[in-house]
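Since the structure comes first, as structure tokens, the remarks are kept for the end.
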Amino acid sequence: MPPLSSADPEHVGPHQVLSRLGEGGMGEVLLVRTPDGGLAALKVIREELAHDPGFRARFAREARTAQRVRGPFTPAVLSADTEGAVPWMATEYVPGPTLREAVREHGPFPEPSLRVLALGLANALQAIHSAGLMHRDLKPGNVLLSPRGPQVIDFGIARAVEGTVLTKTGQAFGTPAYASPEQVVGRGVGPASDVFSLAGVVVFAATGRPAFGTGKSAALLTRVVRGGPDLDGVPEALRPLLTRCLAKDPAERPNADQIARTLSEQPLPPAEHGWLPTPINQSIETHRSATREAADGAPADGPGTDRASDGTPVRGAPGVPGAPAPVTPPPGTRGRTALIVGAAALATVLMTGTLGLLTTVPLPGQGADEAVAPTEADGDGRDEAADDAPAGPSDVFGGTLTEVSFAPGGESLYVTGTDHLVEVDWRTGEELHRFDARPNSLTVAANGTIAGGFLDALVVWNPDREITHYLEDPELQDWNRPDLSDDGTRVAVSVNDAENEPLVQVWDLEKEEVGFEFATESHTRNPDLNADATLLAVSDSAGTGRSTVWDLATEEAVVEFPNDGFPAVPGGEAGTHHLKYLAFHPTDPSLLAVKTSNRDIALYDLDNGETTPFETPDTGGNDLYEIHFSADGSRLAASGAEGAATRGGRVWDTATGDLLTGEGIQLYSQVAFHPEGTVVATIPPGPGDDRLLVLDGESFEVLHEFPG
60 MPPLSSADPE HVGPHQVLSR LGEGGMGEVL LVRTPDGGLA ALKVIREELA
110 HDPGFRARFA REARTAQRVR GPFTPAVLSA DTEGAVPWMA TEYVPGPTLR
160 EAVREHGPFP EPSLRVLALG LANALQAIHS AGLMHRDLKP GNVLLSPRGP
210 QVIDFGIARA VEGTVLTKTG QAFGTPAYAS PEQVVGRGVG PASDVFSLAG
260 VVVFAATGRP AFGTGKSAAL LTRVVRGGPD LDGVPEALRP LLTRCLAKDP
310 AERPNADQIA RTLSEQPLPP AEHGWLPTPI NQSIETHRSA TREAADGAPA
360 DGPGTDRASD GTPVRGAPGV PGAPAPVTPP PGTRGRTALI VGAAALATVL
410 MTGTLGLLTT VPLPGQGADE AVAPTEADGD GRDEAADDAP AGPSDVFGGT
460 LTEVSFAPGG ESLYVTGTDH LVEVDWRTGE ELHRFDARPN SLTVAANGTI
510 AGGFLDALVV WNPDREITHY LEDPELQDWN RPDLSDDGTR VAVSVNDAEN
560 EPLVQVWDLE KEEVGFEFAT ESHTRNPDLN ADATLLAVSD SAGTGRSTVW
610 DLATEEAVVE FPNDGFPAVP GGEAGTHHLK YLAFHPTDPS LLAVKTSNRD
660 IALYDLDNGE TTPFETPDTG GNDLYEIHFS ADGSRLAASG AEGAATRGGR
710 VWDTATGDLL TGEGIQLYSQ VAFHPEGTVV ATIPPGPGDD RLLVLDGESF
760 EVLHEFPG
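For reference, each letter of the sequence shown is one residue, going 60 to 767 in my numbering.
This is the structure in structure tokens:
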């Protein structure tokens with residue numbers, strides 16, 4: 060186990076920290092001693108997420124939602140603090156390898172072990188589906204091995220993280236090699252998608268390879284949607300069941316109950332001999348020894364010494380105001396199953412991967428009878444956690460809208476949010492298409508290619524909304540702010556490396572390779588390709604580092620800001636301009652708009668170094684923020700804060716530099732111009748004020764307003 064560092068806390072809430080288990084995009088996983096002396100795996104959410112009120116509300120609901128999943132093959136949530144400075148969740152812990160680790164180190168499983176694995180996974184899905192949820196990312200890395208059977212892990216907080224703006228995280232549709240065809244093509248998914256993934260996991264355990272192979276994402280995803288699985292090496296007796304589970308049509312797949320019944324009728328390993336091969340049992344014992352060493356090496360807290368979420372010792376913590384509210388499993392034993400396989404062990408959840416949970420609401424194109432059936436406790440199909448949640452979001456847009464972008468023809472608008480990525484008719488708000496993915500940020504190229512950034516990957520759709528690329532790297536996280544070239548062959552994106560250091564990459568999508576990469580000084584950076592994709596501007600919108608224009612052919616910096624040679628423009632003396640916001644002209648590759656102060660903007664010609672200042676608006680001392688060109692480059696808009704008229708955004712004529720709006724207008728943090736300039740879409744930034752506004756392109760009066 061990785062040792063603790065000086066930066067690691069000694070306590071998280073009432074739990075004593077013993078060791079680090081791992082780290083992922085959402086936070087760090089710690090081995091902790093609970094107040095009653097037991098062990099737990101505790102996920103500490105990244106500090107950046109803690110500053111997002113929307114995340115906190117979703118995290119509280121998801122902690123309760125995770126509690127509803129009860130069974131011997133799923134972990135139990137022991138406690139959580141959703142109100143402290145840094146949120147956390149503690150779950151049962153068991154020392155053991157993942158299925159992915161076990162197969163890679165010791166090879167494929169024998170047939171008896173495969174039967175137990177498949178039956179355990181089916182029972183886990185029964186528990187998940189009966190709670191009105193689904194897994195959406197069942198894969199070998201999300202299955203832990205214990206003597207009592209497989210443990211399906213990694214759910215309960217991922218949906219809470221989706222859509223958070225500060226960390227720019229969201230979740231992709233699943234892991235490509237194990238995603239179902241309906242997930243890949245962006246159609247509504249249901250429990251049958253988990254069944255497809257279950258079969259893929261069993262095939263991997265039987266053969267050591269995914270059912271649809273490996274390689275570049277475009278070819279892999281095509282095989283998932285149109286090709287047949289490779290079942291060479293799978294025991295003959297299991298092939299008929301797995302073939303049914305891997306059917307392209309979800310209606311042709313058996314459900315988890317049917318899988319469990321089929322496998323329960325077949326012979327299983329005797330309990331006294333266990334179900335796992337000997338080398339894997341030895342690996343489990345190695346994990347146990349490391350756990351005992353970590354636990355024995357840490358001094359035990361004194362009796363009665365619990366601690367608040369900030370680590371401060373308190374007596375009788377559950378009764379102390381401000382102490383973390385436990386999420387306690389209901390009384391009674393965990394559910395029983397026909398599968399009994401050896402000695403009981405603690406369950407665990409290492410919440411470091413990608414996962415989404417889907418409630419019982421039918422998906423687009425899915426009838427009510429296709430949705431997950433509600434439990435007896437939830438006879439109306441509602442999520443109990445929603446009872447204390449704010450008023451529900453729009454059925455179309457969802458809550459916490461984050462980004463907007465017009466389709467190339469201008470007939471529709473893409474809107475991302477906490478719960479949705481939808482394409483809508485901007486005139487009526489009517490939903491035209493719903494994606495089974497919720498990116499944190501989005502870009503649409505002139506040719507209709509779409510790219511979405513997620514916590515763990517960058518996904519690219521073609522104009523027909525089919526996924527063509529799934530870019531991922533285990534050393535990278537927080538894929539954000541993508542920008543596509545007009546022809547859709549290049550994409551620039553912000554990412555963080557394994558040490559959470561910021562990078563910008565430019566990918567060649569035809570080769571699925573990184574063509575250019577460089578480190579940045581700031582985590583708040585926005586890449587922007589010029590009209591012919593030969594230059595890349597990277598804005599440091601935090602104002603703490605440099606903003607840079609790069610030549611992608613030579614990989615050299617063309618200009619950096621601030622610099623002493625920048626011509627004098629409004630907003631201060633030469634050399635003092637930080638230029639936090641840069642934007643390339645959409646048709647002139649050498650023309651760059653720069654915001655030189657909180658309210659001053661100029662055009663900078665990279666070919667001759669000439670600077671043309673725009674008319675300075677009277678904003679009453681209030682700031683302007685991001686800048687956005689219209690599709691033809693004839694206008695430039697700067698977004699403003701919400702509130703009084705003088706705090707709104709402004710628009711300029713780029714040919715003359717004249718203001719077109721004397722007073723502030725309702726242009727906010729996200730601005731999208733219609734391709735013909737007839738309307739402008741924007742999203743107000745205020746917390747709890749989730750609206751989509753569509754403004755007239757001439758008068759800038761609000762034409763349409765749709766609530767989130």
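Glycine included, every Cβ here is placed at the ideal spot set by N, Cα and C.
Inter-residue spacing [alpha-carbon to alpha-carbon] between residue i and residue j
i: P156; j: P167; result: 14 Å
i: L398; j: L335; result: Unreliable positioning characterises L398 in this predicted model, as indicated by a pLDDT of 35, which lies under 50. The coordinate reading is nonetheless provided below. C-alpha separation (whole angstroms): 14 Å.
i: G259; j: Q185; result: 17 Å
i: G200; j: V162; result: 11 Å
i: V761; j: L501; result: 24 Å
i: R92; j: A149; result: 10 Å
i: V608; j: R493; result: 36 Å
i: G708; j: A277; result: 41 Å
i: G736; j: V552; result: 27 Å
i: E106; j: A139; result: 16 Å
i: A354; j: I104; result: 23 Å
i: R285; j: R268; result: 19 Å
i: T675; j: R658; result: 7 Å
i: L327; j: L305; result: 23 Å
i: T720; j: D677; result: 11 Å
i: T646; j: L588; result: 11 Å
i: Y473; j: P743; result: 16 Å
i: A590; j: D691; result: 11 Å
i: S323; j: L300; result: 13 Å
i: D717; j: L662; result: 12 Å
i: L90; j: R320; result: 36 Å
i: L108; j: K639; result: 23 Å
i: V519; j: P94; result: 47 Å
i: N555; j: N182; result: 37 Å
i: N667; j: K102; result: 54 Å
i: V71; j: R540; result: 33 Å
i: E685; j: T713; result: 16 Å
i: Q75; j: A135; result: 19 Å
i: E170; j: D67; result: 43 Å
For residue i, the residue or residues it bridges with in DSSP
i: S598; result: N585
i: Q729; result: I742
i: H528; result: V519
i: I104; result: G86
i: T502; result: A510
i: R127; result: None, per the DSSP bridge assignment.
i: K654; result: Y640, I660
i: W147; result: V103, D140
i: Q564; result: V552, E576
Residue range of the beta strand (DSSP E) that includes residue i
i: T671; result: 670–672
i: L460; result: 460–465
Presumed contact (8 Å Cβ cut-off) between residue i and residue j, rounded CB distance
i: E580; j: L562; result: The pair is not a contact, with the Cβ atoms about 11 Å apart (cut-off 8 Å).
i: V283; j: V254; result: Going by Cβ atoms, the distance from V283 to V254 rounds to 14 Å, so no, they are not a contact pair.
i: T508; j: L543; result: 6 Å
i: W485; j: V753; result: 5 Å
i: R706; j: G723; result: 6 Å
i: L204; j: I343; result: 7 Å
Whether residue i touches residue j by CB criterion (9 Å)
i: L641; j: S598; result: yes
i: G249; j: T266; result: no
i: V211; j: F114; result: no
i: Q126; j: E462; result: no
i: G245; j: E525; result: yes
i: A592; j: L611; result: yes
i: L297; j: P235; result: no
i: V738; j: L726; result: no
i: P313; j: R303; result: yes
N-terminal and C-terminal residue of the alpha helix (DSSP H) that residue i is part of
i: N340; result: 337–355
i: G179; result: 170–189
i: E685; result: Counting along the chain, E685 falls outside any alpha helix (DSSP H), though it belongs to the beta strand (DSSP E) covering 683–688.
i: V283; result: 276–285
i: Q317; result: 315–323
i: P299; result: 298–304
i: G259; result: 250–266
i: A809; result: For residue 809 there is no data in the structure shown, the boundaries of the chain being 60 and 767.
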